[in-house]
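K.L.:
Residue numbers (mature numbering (1 follows the signal peptide of the UniProt record, and there is no 0)): -28 to -1, 1 to 87.
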């Protein structure tokens, strides 16, 4: 049975995020958003992948987004993760789900633009 390249990329993303949590210098604070990260990867991956158009997120994705600790999750975003996802789509999803993210917020190397 062959594993699709897209599925393998998402498995790699999940592994990178979990590894980032386990090996970060801020282990205790990272643990507090581990469930957020897992939920975001499982429920929102289709809406933030680099390929394809911007798509309105699902209710399941929005439920996870609304509960997510944005500063904590953003502290775990690495270059490897940014290579797999569109940060513009990430913040489109957040806005579409009603999650307030202040302009100037830094997430990985991405800074939320001022309106």
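Backbone N, C-alpha and C fix where the C-beta goes; we use that ideal spot for every residue, glycine too.
With contact counted as at least three CB pairs below 8 Å, one residue from each stretch, are the region 24 to 39 and the region 60 to 70 in contact?
P.N.:
Yes, the region 24 to 39 is in contact with the region 60 to 70.
K.L.:
Take the Cβ of residue 2 as the centre, count every other Cβ of all protein chains shown within 10 Å, and call the residue buried at 16 or more, exposed below.
P.N.:
Walking along the chain shown from the start, residue 2 turns up at place 30. Note that residue 2 scores 48 on pLDDT, short of 50, meaning its location in the model is unreliable and no value can be drawn from it.
K.L.:
Quick one: using the 10 Å Cβ neighbour count with 16 as the cut-off for buried, is residue 61 buried or exposed?
P.N.:
Along the chain shown, one-based indexing puts residue 61 at 89. Per the 10 Å Cβ criterion, buried.
K.L.:
Using a Cβ-Cβ cut-off of 8 Å (strictly less than) and excluding sequence neighbours within five positions of residue 86, which residues of its own chain qualify?
P.N.:
Position 114 of the chain shown, counted from the start, is the residue given in the question as residue 86. If we look at residue 86 and ignore the five residues flanking it on each side, its Cβ neighbours are 75, 76.
K.L.:
By the three-class DSSP mapping on this structure, what secondary structure does residue -4 have?
P.N.:
Counting from 1 along the chain shown, the entry for residue -4 is found at position 25. Confidence is the limiting factor: at residue -4 the pLDDT is only 43, short of 50, which leaves the residue's position unreliable, though a coordinate-based value still follows. Coil at residue -4, not helix or strand.
K.L.:
Residues in its own chain within less than 8 Å of residue 29 by CB, not counting five upstream and five downstream?
P.N.:
Residue 29 sits at position 57 when you count from the first residue of the chain shown. Closer than 8 Å at Cβ, skipping near neighbours: 16, 19, 37, 65, 68, 69.
K.L.:
Grab me the residues of residue 5's own chain with a C-beta within less than 6 Å of its C-beta, minus the 5 sequence neighbours each way, in chain order.
P.N.:
Your numbering for residue 5 matches position 33 in the chain shown. These residues qualify, in order along the chain: 41, 44, 45.
K.L.:
Go ahead and pull the three-state DSSP assignment for residue 16.
P.N.:
The residue given as residue 16 occupies position 44 in the chain shown. Helix at residue 16.
K.L.:
Counting only the same chain and skipping the five closest in sequence on each side, list residues whose C-beta sits under 6 Å from that of residue 27.
P.N.:
For the purposes of this step, residue 27 is taken as the residue at position 55 of the chain shown. Cβ within range, chain order: 19.
K.L.:
Measure the CB-CB distance between residue 80 and residue 49 and report whether it falls below 7 Å.
P.N.:
Counting from one through the chain shown, the residue named residue 80 turns up at place 108. Counting from one through the chain shown, the residue named residue 49 turns up at place 77. Yes, Cβ-Cβ distance for residue 80 and residue 49 is below 7 Å.
K.L.:
For residue 5, does the three-state DSSP call read helix, strand or coil?
P.N.:
Here the question's residue 5 lines up with position 33 in the chain shown. If DSSP states are grouped into helix, strand and coil, residue 5 belongs with coil.
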